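The structure appears right after this line, and notes come after that.
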Amino acid sequence: MAPSATERLQAGDRLLAQGGLRRLQRVVEEKGLIWSQATVDEIELLVGDVGVAEVTLTPRSPLVGKTLRQLNFREQFGLTVLALWRGGKALERFIGNEPLHRGDAFLVQGPWSKIGLLHRQPGLLVLSEDKDIPRRIRKAPWAIVILVSMIAAVVAKILSLPVATLGAAILTVITGCLQAEEARAAVSWRVLFVIAGMLALGEAMQQSGAAEWIAQTLLTPVADLGPLPAMAMLFLLTVVLTLFVSNHATAALVAPIAFSVASSHHFDPHPLLLAVAVGTSAALVTPFAHPSTLLVMGPGGYKFRDYLRVGLPLSAVIFVTVLTGLALL
Numbered sequence: 052m053a054p055s056a057t058e059r060l061q062a063g064d065r066l067l068a069q070g071g072l073r074r075l076q077r078v079v080e081e082k083g084l085i086w087s088q089a090t091v092d093e094i095e096l097l098v099g100d101v102g103v104a105e106v107t108l109t110p111r112s113p114l115v116g117k118t119l120r121q122l123n124f125r126e127q128f129g130l131t132v133l134a135l136w137r138g139g140k141a142l143e144r145f146i147g148n149e150p151l152h153r154g155d156a157f158l159v160q161g162p163w164s165k166i167g168l169l170h171r172q173p174g175l176l177v178l179s180e181d182k183d184i185p186r187r188i189r190k191a192p193w194a195i196v197i198l199v200s201m202i203a204a205v206v207a208k209i210l211s212l213p214v215a216t217l218g219a220a221i222l223t224v225i226t227g228c229l230q231a232e233e234a235r236a237a238v239s240w241r242v243l244f245v246i247a248g249m250l251a252l253g254e255a256m257q258q259s260g261a262a263e264w265i266a267q268t269l270l271t272p273v274a275d276l277g278p279l280p281a282m283a284m285l286f287l288l289t290v291v292l293t294l295f296v297s298n299h300a301t302a303a304l305v306a307p308i309a310f311s312v313a314s315s316h317h318f319d320p321h322p323l324l325l326a327v328a329v330g331t332s333a334a335l336v337t338p339f340a341h342p343s344t345l346l347v348m349g350p351g352g353y354k355f356r357d358y359l360r361v362g363l364p365l366s367a368v369i370f371v372t373v374l375t376g377l378a379l380l
């Protein structure tokens, strides 16, 4: 087993330790231990729920430059680092004080449940195959029942979506489909706080009238130039507002303005409303446009620049495509 720091030792326990010979000798003498005759090869490292896996650092890992001791790796992840591999050589001494480099790999031992959690840690890549990690096959029926029940409750309007999903999450822990530690590790608290801030900011912009004032101030002068510039400005305005206000609120806010502009300038309202509808889903340049883009930010290890690098060209393509299509209507 991989003992925790609070594990109580008992008579007859065998300890597998690594370090300098003199230091080990001193520990043996001071703690009343005796040397075991078994070799490392004879000690089983894979027993029941405990296993061994190889883990490496990704090129942009936030762990680069830090030591295992600084990271408090054992307490944070519940795993013991057995060896550190760098440049084709194994570092055998004082690995706890060795700064981690890009491409470093280390061998960890501990409960399979803890090893499985490393898949969700940004900056770490578990090289062991998924099939090496035991699955809770007996809990699969419970997981299916919980999922189907959640969907049925929402479709039948028995429960709201937030209540149903929260109840399903609690049931997965109660039934043992997911351990409490796994559930806690899956929650990105930073993302939750950002979403809460987005909702508060959006509500403030709506209640204060700031969003409506911005829309009317920017849109009215452009609409005098014709329907196509009006559609372009509506699309861009909707995309920008979606970065601060939810897409549903943005649509409810900008759509009446679009209809008003179409009526006052004798434009066909349908292309303008379509520009608003598509624009609410085209804010891809930041992770803050929608909770779903924020929720994948942590597990995917994405940075703000990743959204900007991919989202900006994609938004530009959508912009040109939408205007071209609307111009043909």
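If you read the sequence shown in our numbering, its first letter stands for residue 52, the second for the next number, and so on. C-beta atoms are modelled at their ideal positions from N, C-alpha and C, and glycine is treated no differently. Here the structure is a predicted model, which means the values were calculated and not measured.
Name the one or two DSSP bridge partners that residue i has.
{"i": "arginine 137", "result": "Lys140"}
{"i": "valine 177", "result": "Val106"}
{"i": "leucine 158", "result": "Glu105 and Ala134"}
Can you say whether residue i is buried or exposed, counting buried as having 16 or more other CB atoms within 10 angstroms of its CB?
{"i": "arginine 125", "result": "buried"}
{"i": "leucine 97", "result": "Below a pLDDT of 50, predicted positions are generally treated as unreliable, and leucine 97, at 49, falls in that range; no measurement from the model is reported."}
{"i": "phenylalanine 339", "result": "buried"}
{"i": "lysine 165", "result": "buried"}
{"i": "isoleucine 195", "result": "exposed"}
{"i": "isoleucine 188", "result": "exposed"}
{"i": "leucine 175", "result": "buried"}
{"i": "leucine 168", "result": "buried"}
{"i": "phenylalanine 355", "result": "exposed"}
{"i": "phenylalanine 402", "result": "Nothing in the structure corresponds to residue 402, since the chain is present only between 52 and 380."}
{"i": "alanine 302", "result": "buried"}
{"i": "threonine 293", "result": "buried"}
{"i": "tryptophan 163", "result": "buried"}
{"i": "isoleucine 85", "result": "exposed"}
{"i": "leucine 66", "result": "exposed"}
{"i": "valine 199", "result": "exposed"}
{"i": "valine 373", "result": "buried"}
{"i": "leucine 304", "result": "buried"}
{"i": "valine 361", "result": "exposed"}
{"i": "glycine 161", "result": "buried"}
{"i": "alanine 334", "result": "buried"}
{"i": "glycine 248", "result": "exposed"}
{"i": "valine 327", "result": "buried"}
{"i": "valine 368", "result": "exposed"}
Going by alpha carbons, who is nearest to residue i out of the options?
{"i": "valine 224", "options": "Leu130, Ile197 and Ser332", "result": "Ile197"}
{"i": "arginine 111", "options": "Leu119, Val132 and His152", "result": "His152"}
{"i": "valine 159", "options": "Lys117, Lys165, Leu130 and His170", "result": "Leu130"}
{"i": "serine 332", "options": "Lys140, Tyr358, Ser366 and Gln76", "result": "Ser366"}
{"i": "proline 113", "options": "Gly154, Ile146, Gly147 and Val101", "result": "Gly154"}
{"i": "arginine 171", "options": "Val115, Val106 and Thr216", "result": "Val106"}
{"i": "valine 273", "options": "His316, Leu243, Lys82 and Tyr353", "result": "His316"}
{"i": "alanine 300", "options": "Met282, Ala204, Met284 and Glu254", "result": "Glu254"}
{"i": "leucine 279", "options": "Pro364, Val78, Phe318 and Thr109", "result": "Phe318"}
{"i": "methionine 284", "options": "Ala306, Phe295 and Val296", "result": "Ala306"}
{"i": "valine 296", "options": "Ala251, Leu325 and Trp136", "result": "Ala251"}
{"i": "leucine 325", "options": "Leu276, Val312, Leu377 and Gly277", "result": "Leu377"}
{"i": "isoleucine 221", "options": "Trp193, Trp264 and Gly102", "result": "Trp193"}
{"i": "serine 45", "options": "Leu122, Ala104 and Gly63", "result": "No statement about residue 45 is possible, as the shown extent of the chain runs from 52 to 380 and does not include it."}
{"i": "threonine 289", "options": "Leu212, Leu133 and Phe370", "result": "Phe370"}
{"i": "alanine 219", "options": "Val206, Ile202, Ile209 and Lys208", "result": "Ile202"}
{"i": "serine 314", "options": "Thr344, Gly277 and Val291", "result": "Gly277"}
{"i": "methionine 282", "options": "Val132, Thr375 and Asn298", "result": "Thr375"}
{"i": "alanine 104", "options": "Gly83, Leu133, Glu81 and Val79", "result": "Leu133"}
{"i": "phenylalanine 128", "options": "Gly83, Lys140, Arg235 and Leu229", "result": "Arg235"}
Am I right that residue i and residue j are in contact with their C-beta atoms under 8 Å? What's the rounded C-beta distance?
{"i": "glutamine 258", "j": "isoleucine 308", "result": "That belief does not hold up - the Cβ atoms of glutamine 258 and isoleucine 308 are roughly 17 Å apart, past 8 Å."}
{"i": "valine 329", "j": "phenylalanine 286", "result": "7 Å"}
{"i": "alanine 204", "j": "alanine 215", "result": "5 Å"}
{"i": "leucine 178", "j": "phenylalanine 157", "result": "Incorrect: roughly 10 Å between the Cβ atoms, too far for contact."}
{"i": "valine 312", "j": "leucine 379", "result": "Valine 312 to leucine 379, Cβ: 21 Å. No contact."}
{"i": "proline 322", "j": "phenylalanine 310", "result": "About 12 Å; that fails the 8 Å criterion."}
{"i": "isoleucine 146", "j": "leucine 122", "result": "Actually they are not in contact, since the Cβ atoms of isoleucine 146 and leucine 122 sit about 12 Å apart, beyond 8 Å."}
{"i": "leucine 75", "j": "alanine 68", "result": "6 Å"}
{"i": "valine 115", "j": "leucine 108", "result": "6 Å"}
Shorter than 7 Å, the distance from the beta carbon of residue i to the closest heavy atom of the ligand ZN, or not?
{"i": "tryptophan 163", "result": "With respect to small molecules bound, the structure shown includes none, and the ligand ZN cannot be examined in it."}
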